[in-house]
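Student:
See the structure below:
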């Protein structure tokens with residue numbers, strides 16, 4: 001895998017951080033991490049079920065991509081699913 005292909009793959013998975021993320025607090029206690037996870041969980045519950053399903057589907061496809069490194073197949077799968085009525 002060359003550098004360009006690696007970067008393209010890396011760009012598919014953006015870094016997700018909480019609003020209150022601070023680079024200096026990376027070395028802080030696990031309590032902050034647990035609070036962030038709890039906050040994310042409550043935000044997820046507020047979303048529509050179809051949004052949650054699509055996020056889970058995309059996460060599963062991303063895991064499969066990492067496992068098999070077949071980006072095109074995963075993208076085709078997601079596109080085909082999103083086009084369904």
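In UniProt numbering, the protein residues as written are 1 to 85.
In this text, a Cβ means the ideal position worked out from N, Cα and C, and glycines have one as well.
On a predicted model such as this, the values are computed, not experimentally measured, just so you know.
1. Give the single residue among 80, 83, 64 and 81 whose Cα lies nearest to the Cα of residue 9.
2. In three-state terms, what does DSSP make of residue 71?
3. Quick check on the burial criterion: 16 or more other C-beta atoms within 10 angstroms. Buried or exposed for residue 74?
4. Sort 59, 57, 71 and 79 by Cα distance to residue 6 and report the nearest one.
5. Please return the same chain residues whose Cβ sits closer than 7 Å to the Cβ of residue 61, not counting the five positions on each side in sequence.
Tutor: Taking the coordinates as given:
1. Among 80, 83, 64 and 81, the Cα nearest to that of residue 9 belongs to 64.
2. The answer is helix: DSSP assigns residue 71 an H, G or I state.
3. By the neighbour-count rule (16 or more Cβ atoms within 10 Å), residue 74 is buried.
4. The residue with the shortest Cα to Cα distance from residue 6 is 71.
5. 74, 77 and 78.
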